[in-house]
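Chains A and B, in that order, are what the protein sequence lines are.
Here our numbering is used: the first residue of the first sequence is 5, the next is one more, and so on.
Here our numbering is used: the first residue of the second sequence is 5, the next is one more, and so on.
Protein chains: 2
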Amino acid sequence: MEYQFSRRVLELKPSAIREIFKYAADPQVISLSAGNPAPEAFPTSEISKISAQILAERPIDALQYGTTEGYTPLRRHLTEYLKEKSGIGTERDDLIITSGAQQIMDLFAKSVIDTGDTVLCESPSFLGALNTYRSYRAKLRGVPMEADGMSLEGLEQALKEEKRTKFIYTIPNFQNPTGATMSLAKRHGMYELAKKYGVMILEDNPYGDLRFAGEALPAIKSFDTEGIVLYAGTFSKVVAPGIRVGFAVGPKPVLQKMIVCKQGEDVHTNNWAQILCDELLTNYDFDSHLNRLRGVYRKKSKVAVDAMNRWLLPKITYQPIEGGLFFWCTLPEGSNMLEFVKRSIEHKVCVVPGNAFLTDDTKPSQSFRINYTTPTDENLVRGIQLLGEVACDMIP
Amino acid sequence: MEYQFSRRVLELKPSAIREIFKYAADPQVISLSAGNPAPEAFPTSEISKISAQILAERPIDALQYGTTEGYTPLRRHLTEYLKEKSGIGTERDDLIITSGAQQIMDLFAKSVIDTGDTVLCESPSFLGALNTYRSYRAKLRGVPMEADGMSLEGLEQALKEEKRTKFIYTIPNFQNPTGATMSLAKRHGMYELAKKYGVMILEDNPYGDLRFAGEALPAIKSFDTEGIVLYAGTFSKVVAPGIRVGFAVGPKPVLQKMIVCKQGEDVHTNNWAQILCDELLTNYDFDSHLNRLRGVYRKKSKVAVDAMNRWLLPKITYQPIEGGLFFWCTLPEGSNMLEFVKRSIEHKVCVVPGNAFLTDDTKPSQSFRINYTTPTDENLVRGIQLLGEVACDMIP
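Here it is as structure tokens:
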């Protein structure tokens, strides 16, 4: 049998990051390449208690088919919570529950992208989202990242040139992979540019609640009087990723199309997980949980910073962060980053090469991404020390 | 803001069945229109016990990110179980876990369908699958259903005419909506035709384990020496649909593409639900559970049959079934089925009009679908009685 695949999947290359993860699965290798939240921050005992209660008191709610748009009480409570806490959501918006925020990328792209339409994204950006857009045969155009977010000059240039732009994809808080946070001025600027050029913004905010330093900035969605922003949130980083619960807030006509697509993809999201999130949000002190979690991340990021200061500087520099899961590290001009990553793996430590996050991953990059939240403190320090040793060997 | 949607979603019409479900949500209406398994057959206390154990003993397995292809022990145990019990799976095959069997329809269509490629399906067939294929802009061609499955003459005719056929979609056991089971001869015949014309078969078997009468027939996948069958299974009907766990067995190159698509859709399926299914399969007497469940369906279908014999015959006829969730009922030649369904809703009972399951739902149908598993016995009998009363009024 000669299998005949669709053009869309034939165009998808096996990603660089997947290859890296093969090495990361080796138990002898210290993986600083994951994107996992810190397991010690999971509200495990609360989840245990709530789960027992759900399955004892209303098993059928958890076990029977649910509605595609999501568990109604969770939708209502999240709508109120986001409105009150972050000014997100207007009369023209609705909220749906998805199987992780990844599904929002998929449903939105499926709803708006025809072959050859453009998505403008930060360069570098989250590989998982880029691959989803590619799977609908979107043209990706990267706009350079700066320390305070996407370059607005670059964005306007791209909007002028790319006539078939459907949306701008941005991660404004503790961006993956750079850790950068978009300034307030740029948030307003991006919104105004999207309005001016008649394109939508997909604001992906998985890490916003993981801020352990500095002041929180408003979501772009909170300025959205015109109905041009689709906001993607998730419980993956504040509760647990294995439960796969995300949520999208956006204009009703857009969400209606996404619901039709979701019906065809997985009918609805796991009910037990949805009820669990609703209970955590309403019958537990969710804000205290978030505070405790931020404490875990603050402490853990400090371990990474101390180790990087000791072992990486000055040869390898890193961007300071105020939250999120990642540090973006950069080798000196002219050094061979891919060779560095390869040698690091030989020394049993694994990071993600920066080119993996580019819209064209054959382009060069001097940077790599470190995740500090998955390894134990001991492995984190040891891993960074190993990176430092490789740098000493390689970089004069 | 003028929203610009993709051609694929603009072509999707709101489905007839969704409109019907609006009425079905009215608590005063007896719904015989759902596709829900009987909640009294859910292994609720086992799920409660296992869930407590998972969350106490290995919460991180349930809560951290998992692999896209699924929880490894479940994949291994299901592979052994399907091989041993049903002769499904060869060396060239692999098995992946999906978010319900619906996701298999989606991932497979996404992997093989280019705009305008043909899917050959039973006419009538499962609406949810047809809509997924439509969402990738497939051309659907219906092949008439007979009492023993798809017409093979019709199938060969279609294979000759439709040069861009990518696969045949079939539900061989207790088909949705007709309840029909494909004969052994036709299973072999369909396999041979697929081989001859070089197309794949998507064998969707959500109901196979719900057989309460007659002899089980082998899966088409069990003949598959050439690697042309993708088999879709699910825990939705034998455990519970709200947990959203399905599984696909198929040729490795096909599953590899589907895994790449799944990575972009939802990263992986809810881990708690996957571990739950693995425990039910390995540490509980799953076959006893299936026997108990078949007892529930046998008893409940008898209630429906007795009521239909009393209230529907001879004006409305129905196909006898040996398992599954549905009865396919037919009005006399020349009667107005859509009018009948409308009047039934006015009389507070809701069924699904047969045209909803056609590849072109503007074509006429004399039939409608009854689900007997969701309502209580009392409502089931009352609902069928109401249908009988409407028939008496309408049909001379």
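Heads up, the beta-carbon is just placed ideally off N, CA and C, and yes, glycines get one too.
Owing to the predicted nature of the structure, the values given are computational and were not obtained by experimental measurement.
Under 8 Å between beta-carbons, which chain A residues line up against Cys-265 of chain B? List them in chain order, please.
Below the 8 Å Cβ cutoff, chain A contributes Val-13, Ser-139 as neighbours of Cys-265 of chain B, in chain order.
Do Arg-138 of chain A and Thr-16 of chain A have their beta-carbon atoms positioned less than 8 Å apart in this structure?
One detail in the question is off: residue 16 of chain A reads as Leu in this sequence, not Thr. Note that the C-beta distance between Leu-16 of chain A and Arg-138 of chain A is below 8 Å.
Here's a check: name, in chain order, each residue in its chain whose Cβ is nearer than 6 Å to the Cβ of Asn-383 of chain B, leaving out the five neighbours to either side.
Once the five neighbours on either side are set aside, the close Cβ partners of Asn-383 of chain B are Ile-34.
Beta-carbon neighbours of Asp-110 of chain A, restricted to chain B and to distances below 8 Å:
Ordered by position in chain B, the residues that pass the 8 Å Cβ test against Asp-110 of chain A are Gly-268, Glu-269, Asp-270.
Give me, in chain order, the residues of the same chain whose beta-carbon lies closer than 6 Å to that of Glu-283 of chain A; leave out the 5 immediate sequence neighbours on both sides.
Contacts found: Ile-54.
How many angstroms separate the CA atom of Tyr-322 of chain B from the CA atom of Phe-216 of chain B?
Answer to the nearest angstrom: the Cα atoms are 18 Å apart.
In whole angstroms, give me the CA-to-CA distance for Pro-31 of chain B and Thr-174 of chain B.
Rounded to whole angstroms, Pro-31 of chain B and Thr-174 of chain B show a C-alpha spacing of 34 Å.
Between which two residues does the beta strand (DSSP E) containing Glu-230 of chain A stretch?
If you look at Glu-230 of chain A, you'll find it isn't in any beta strand (DSSP E); DSSP assigns it neither H nor E.
Chain-ordered chain A contacts of Pro-43 of chain B [CB-CB under 8 Å]:
Within chain A, the residues whose beta carbon sits less than 8 Å from that of Pro-43 of chain B are Ile-64, Leu-67, Gln-68, listed in sequence order.
With a threshold of 7 Å (Cβ to nearest heavy atom), would Asn-40 of chain B be considered close to the ligand FMN?
Ligands displayed in this structure: none; no statement on the ligand FMN is therefore possible.
Extract the residue ranges of the alpha helix (DSSP H) inside the region 24-104 of chain B, only unbroken runs of 4 or more that lie entirely within it.
Counting whole runs of 4 or more residues, the region 24-104 of chain B contains the alpha helix (DSSP H) stretches 48-61, 63-67, 76-90.
Cross-strand partners of Tyr-173 of chain A (DSSP beta bridge)
Answer is A:Cys-125, A:Leu-206.
Indicate whether Tyr-27 of chain B and Asn-275 of chain B have their beta-carbon atoms separated by less than 8 Å.
Their beta carbons are not under 8 Å apart, which means Tyr-27 of chain B does not touch Asn-275 of chain B by this criterion.
Whose Cβ in chain B lies nearer than 7 Å to the Cβ of Lys-241 of chain A?
Neighbours of Lys-241 of chain A on chain B: none; closest Cβ ~11 Å, over 7 Å.
Simplified DSSP assignment, three categories, for Pro-368 of chain A:
Here Pro-368 of chain A sits in coil by DSSP.
Which residues share a DSSP beta bridge with Leu-144 of chain B?
According to DSSP, Leu-144 of chain B bridges with B:Val-123.
Which listed residue (A:Ser-305, A:Glu-6, A:Val-271) has its alpha carbon closest to that of Tyr-69 of chain A:
Comparing Cα positions, the closest option is A:Val-271.
Taking 8 Å as the cut-off, decide whether the C-beta atoms of Ser-115 of chain B and Ser-115 of chain A are in contact.
Contact: no.
Who are Tyr-322 of chain A's beta bridge partners in DSSP?
In the DSSP secondary-structure assignment, Tyr-322 of chain A is bridged to A:Cys-333.
Going along chain B in order, which residues have a C-beta closer than 9 Å to the C-beta of Leu-16 of chain A?
For Leu-16 of chain A, the residues of chain B that pass the 9 Å Cβ criterion are Lys-261, Val-264, Cys-265, Gly-268, in the order they occur in the chain.
Whole angstroms is fine: what's the gap from Ala-162 of chain A's alpha carbon to His-293 of chain B's?
If you draw a straight line from the Cα of Ala-162 of chain A to the Cα of His-293 of chain B, it is about 60 Å long.
From the DSSP output, which residues share a beta bridge with Glu-150 of chain A?
DSSP links Glu-150 of chain A through a beta bridge to A:Gly-153.
If you draw a straight line from the C-alpha of Tyr-7 of chain B to the C-alpha of Pro-255 of chain A, how long is it?
Computed Cα separation, rounded: 9 Å.
Please state the DSSP three-state secondary structure of Pro-357 of chain B.
Under the three-state reduction of DSSP, Pro-357 of chain B is assigned to strand.
Between Gly-254 of chain B and chain A, is there a C-beta pair that is closer than 8 Å?
No, its Cβ sits nowhere closer than 8 Å to a Cβ of chain A.
Verify whether the separation of the beta carbon atoms of Ile-100 of chain B and Leu-285 of chain B is less than 8 Å.
Taking 8 Å as the cut-off, the beta carbon of Ile-100 of chain B is found no closer than this to the beta carbon of Leu-285 of chain B.
Give me the Cβ distance between Ile-399 of chain B and Lys-346 of chain B, rounded to the nearest whole Å; I'm assuming they're in contact under 8 Å.
Contact doesn't hold; Cβ gap of about 14 Å is too wide.
Closest by CA to Ser-369 of chain B, which one among B:Glu-165, B:Ser-49, B:Ser-226, B:Thr-334?
Here the closest residue by C-alpha is B:Thr-334.
Applying the 10 Å Cβ sphere with the 16-neighbour rule, what's the burial state of Gly-136 of chain A?
Checking the sequence shown, residue 136 of chain A turns out to be Thr, not Gly. With a 10 Å radius around the Cβ and a threshold of 16 neighbouring Cβ atoms, Thr-136 of chain A comes out buried.
Can you pull the chain A residues whose beta carbon is under 7 Å from the beta carbon of Phe-9 of chain B, in chain order?
Going along chain A in sequence order, the residues near Phe-9 of chain B (Cβ under 7 Å) are Ser-115, Val-116, Lys-261.
Please report the distance separating the alpha-carbon of Asp-289 of chain B from that of Thr-48 of chain B.
So the alpha carbons of these two residues sit roughly 14 Å apart.
CB-CB under 8 Å to Gly-104 of chain A, same chain, minus the five flanking residues each way: which ones, in chain order?
Excluding sequence neighbours, Gly-104 of chain A sits near Thr-238, Ser-240, Pro-245, Arg-248, Val-249, Gly-250.
I need the straight-line Cα distance from Gly-93 of chain A to Pro-77 of chain A, nearest angstrom please.
Computed Cα separation, rounded: 17 Å.
Secondary structure of Ile-374 of chain A, DSSP reduced to three states
Correct three-state label for Ile-374 of chain A: strand.
Arg-191 of chain B by DSSP, collapsed to three states: which one?
Looking at Arg-191 of chain B - three-state DSSP - the assignment turns out to be helix.
Just to confirm, are Asp-152 of chain A and Ala-113 of chain A a CB contact at a threshold of 8 Å?
Not in contact: Asp-152 of chain A and Ala-113 of chain A (Cβ atoms no closer than 8 Å).
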